[in-house]
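Asker:
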Amino acid sequence: MNISKKIVALLTIGALIIGMMTGCNKSSDSTKVLNVYNVGDYIDEELITKFEDETGIDVLYETYDTNEMMYQKVKSGSTNYDLVFPSDYMVEKMNSENLLQKIDFKSIPNLEYIDKSFLNPIYDKNNEYSVPYMWGTFGILYNTKLVKDPVDSWDILWNPKYRGNIMMFDSVRDTMGIALKKLGYSINTTNPKEVNEAKELLMKQKDLVMAYVNDEGKDRLLAEEVAMGIIYSGDAVTLMDQNPNLRYAIPKEGTNKWVDAMCIPKTAQNKKESEMFINFLLDPENAKVNAEYIGYSIPNTGALKLLDKEITDNKVAYPSKDILEKSETFIDIGSNIKIYDRAWIELKSK
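Heads up: the sequence shown at position 233 corresponds to 405 in this note's numbering, and the numbers run straight through without jumps.
(1) Can you look up residue 338 in the DSSP assignment and give me helix, strand or coil?
(2) Counting beta carbon pairs with one atom in the region 455-471 and one in the region 322-341, are three or more of them shorter than 8 Å?
(3) Closest by CA to residue 224, which one among 204, 211, 234 and 239?
(4) Could you tell me the alpha carbon to alpha carbon distance between residue 248 and residue 299, rounded to whole angstroms?
(5) From this set, 374, 345 and 375, which residue's C-alpha is nearest residue 362's C-alpha?
(6) Answer with buried or exposed for residue 262, where buried requires no fewer than 16 other C-beta atoms within 10 angstroms of its C-beta.
(7) Span of the beta strand (DSSP E) holding residue 211?
(8) What's the call for residue 492, buried or exposed, on a 16-neighbour Cβ count within 10 Å?
(9) List in chain order: all unbroken alpha helix (DSSP H) runs of 4+ residues lying wholly within the region 371-418.
(10) Helix, strand or coil, according to DSSP, for residue 260 in the structure here?
(11) Decide if residue 427 is buried, meaning its Cβ has at least 16 other Cβ atoms within 10 Å, or exposed.
(12) Please state if the CB of residue 229 and the CB of residue 473 are separated by a distance shorter than 9 Å.
(13) Using DSSP's beta-bridge definition, name the partner residues of residue 428.
(14) How would you label residue 356, buried or exposed, when you count the other beta carbons within 10 angstroms and need 16 or more for buried?
(15) In three-state DSSP terms, what is residue 195?
(16) Which ranges would you report for the beta strand (DSSP E) in the region 279-333 if only whole runs of at least 3 residues count?
(17) Let me know if residue 233 comes out buried or exposed under the rule of 16 or more other beta-carbons within 10 Å of its beta-carbon.
(18) Would the region 313-325 and the region 394-404 be scored as touching if the rule is three or more Cβ pairs under 8 Å?
(19) Report the three-state DSSP secondary structure of residue 346 (helix, strand or coil).
(20) From residue 405 to residue 310, what does the alpha carbon distance come to, in whole angstroms?
(21) Buried or exposed for residue 291, please, with buried defined as at least 16 other CB atoms from any protein chain shown within 10 angstroms of its CB.
(22) Please report the distance separating the alpha-carbon of residue 147 from that of residue 509.
(23) Helix, strand or coil for residue 200? Go by DSSP, reduced to three states.
(24) For residue 566, which of helix, strand or coil comes out of DSSP?
(25) Is the CB-CB distance between residue 516 and residue 431 below 9 Å?
(26) For residue 435, tell me which candidate among 451, 421, 429 and 425 has the shortest Cα-Cα distance.
(27) Taking 8 Å as the threshold, find out whether the region 496-510 comes into contact with the region 249-269 through three or more Cβ pairs.
(28) Whose C-beta lies closer than 7 Å to the C-beta of residue 237 among residues of the same chain, with five residues either side of it excluded?
(29) I'd like to check one pair, residue 423 with residue 338: are the Cβ atoms closer than 9 Å?
(30) Taking 7 Å as the limit between beta carbons, can you name the residues of its chain near residue 239, skipping five residues before and five after?
(31) Could you say if the region 268-288 and the region 473-485 meet the contact criterion of at least three C-beta pairs nearer than 8 Å?
(32) Please state whether DSSP places residue 367 in a helix, a strand or coil.
(33) May I have the straight-line CA-CA distance separating residue 520 from residue 390, to the nearest angstrom?
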């Protein structure tokens, strides 16, 4: 074979290889792409691969740290996310600002598996813009080696015996909500007098607090560096599995029952594919896999039947009806958040 024939042959082979690679590439123009924006480590990514294999849709998956980060990016209008996962109050806020579009529930037959108590929630009263994804509470995670008193009330967070051994959330609504519940008020109050009372109560507690923390508090609790701290129920389940000295308590005054949901932004370009993905995640088998991976509570009755009883009987993840009836869901309080922000700044600056 002379040089010219070798070149022709090599070019032909190269063209075939490029053609084959292009045909296999999921990101080709002929393949639909779904842009998903979710909280970090909040899905079993094997389910994404399964969805891609079953549908031929390429999922581009990005993560964020907070609701507010997601909100700002969607609000900017410069993104093309097709599916986001806001918490309850953020669903309400985004909807009030016309950032979400209605979901076609005819395309989501697996909605039948969502427990009726999670439908028509306070943050989406007509059940048009959101589908429940995960839920839980927050409470007190404490070390039984260091805490010998009963942990059944928010009062223990004000016990001088535990000075320097208490961690609180570095979160205005959550921490103010604890003080409001201790005082017998709603976590959604917009009464300046009640918010000020909560601030004053937290002022009295401040000398007892080791630190106001977020995720870094989990490591300290796990390492037994602190007697107690505030934590979300799903994280409590995980940490208790790793350290048998840890226990979780929801105080008798009640707490926050939160729900994270799936929503489609107004700017979404692939609404049909978003609804397909929502329906896929609601399939009981898939929801079971997701629940086992994430560790949080699910509102999916079909999946609950498939989970081990060790999980569904766990009162940390699935507390009693009595406890939940005393708990509240955060709602968007609009411009009244400024009342909280002022109180929070005063608290943190002294």
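Glycine included, C-beta positions come from ideal geometry on N, C-alpha and C.
Answerer: The relevant details are as follows:
(1) Taking the sequence shown and counting its residues from 1, the one referred to as residue 338 is at position 166. Three-state result, residue 338: strand.
(2) Two segments are said to touch when three or more pairs of C-beta atoms, one from each, lie closer than 8 Å; by this definition the region 322-341 does not touch the region 455-471.
(3) On the sequence shown, position 52 is the one that residue 224 refers to. Measuring from the Cα of residue 224, the nearest candidate turns out to be 204.
(4) In the sequence shown, the residue the question calls residue 248 occupies position 76. In the sequence shown, the residue the question calls residue 299 occupies position 127. Residue 248 and residue 299 have their C-alpha atoms some 25 Å from each other.
(5) Position 190 of the sequence shown, counted from the start, is the residue given in the question as residue 362. It is 345 whose Cα lies nearest to the Cα of residue 362.
(6) As a position in the sequence shown, residue 262 is number 90, starting the count at 1. Counting Cβ neighbours within 10 Å, residue 262 comes out buried, since at least 16 surround it.
(7) Here residue 211 refers to the residue found at position 39 when the sequence shown is read from its first residue. Going by DSSP, residue 211 is part of the beta strand (DSSP E) stretching over 205-211.
(8) Looking up residue 492 in the sequence shown gives position 320. Residue 492 comes out exposed.
(9) Within the region 371-418, the complete alpha helix (DSSP H) runs of at least 4 residues are 388-394 and 405-414.
(10) By one-based count along the sequence shown, residue 260 stands at place 88. In the structure shown, residue 260 sits in a helix (DSSP, three-state: H, G or I).
(11) Within the sequence shown, numbered from 1, the residue matching residue 427 stands at position 255. Burial call: buried.
(12) By 1-based counting over the sequence shown, the position of residue 473 is 301. By 1-based counting over the sequence shown, the position of residue 229 is 57. If you check the CB distance, residue 473 and residue 229 do not come in under 9 Å.
(13) Residue numbering aside, residue 428 sits at position 256 when the sequence shown is read from its first letter. Answer by DSSP bridge pairing, in chain order: 500.
(14) Looking up residue 356 in the sequence shown gives position 184. Under the 10 Å beta carbon count, residue 356 is surrounded by fewer than 16 other beta carbons and is classified as exposed.
(15) Along the sequence shown, one-based indexing puts residue 195 at 23. Here the model assigns residue 195 a pLDDT of 38, short of 50, so the residue's position is not dependable, and the following value carries that caveat. Under the three-state reduction of DSSP output, residue 195 falls in the helix class.
(16) Counting only runs that start and end inside the region 279-333, the beta strand (DSSP E) elements of at least 3 residues fall at 303-315.
(17) Position 61 of the sequence shown holds residue 233. Using a 10 angstroms sphere on the CB of residue 233, the tally of other CB atoms stays under 16, which defines it as exposed.
(18) Verdict: yes, contact present.
(19) Mapped onto the sequence shown, residue 346 falls at position 174. The answer is helix: DSSP assigns residue 346 an H, G or I state.
(20) As a working mapping, residue 405 is identified with position 233 in the sequence shown. As a working mapping, residue 310 is identified with position 138 in the sequence shown. If I take the Cα positions, the gap works out to 6 Å.
(21) Translated into the one-based positions of the sequence shown, residue 291 becomes position 119. Exposed is the label assigned to residue 291, since fewer than 16 other Cβ atoms lie within 10 Å of its Cβ.
(22) Shown here, the chain extends from 173 to 522; a query on residue 147 therefore has no answer.
(23) Within the sequence shown, numbered from 1, the residue matching residue 200 stands at position 28. A caution first: residue 200 carries a pLDDT of 40, below 50, which makes its placement in the model unreliable, though a value can still be read off. Of the three classes helix, strand and coil, the one that applies to residue 200 here is coil, per DSSP.
(24) In the structure as shown, the chain starts at 173 and stops at 522, and residue 566 therefore has no counterpart that could be examined.
(25) In the sequence shown, the residue the question calls residue 516 occupies position 344. In the sequence shown, the residue the question calls residue 431 occupies position 259. For residue 516 and residue 431, no; Cβs fall outside 9 Å.
(26) For the purposes of this step, residue 435 is taken as residue 263 along the sequence shown, with counting starting at 1. Measuring from the Cα of residue 435, the nearest candidate turns out to be 451.
(27) Result yes; three or more Cβ-Cβ pairs closer than 8 Å.
(28) Looking up residue 237 in the sequence shown gives position 65. Hits under 7 Å: 212.
(29) Working through the sequence shown from its first residue, we reach residue 338 at position 166. Working through the sequence shown from its first residue, we reach residue 423 at position 251. Not in contact: residue 338 and residue 423 (Cβ atoms no closer than 9 Å).
(30) Here residue 239 refers to the residue found at position 67 of the sequence shown. Excluding positions up to five away in sequence, the list reads 258, 259 and 262.
(31) In the pairwise beta carbon analysis, the region 268-288 is classified as touching the region 473-485: at least three pairs are separated by under 8 Å.
(32) Your numbering for residue 367 matches position 195 in the sequence shown. Reduced to three states, the DSSP call for residue 367 is helix.
(33) Your numbering for residue 520 matches position 348 in the sequence shown. Your numbering for residue 390 matches position 218 in the sequence shown. Those two C-alpha atoms are separated by around 21 Å.
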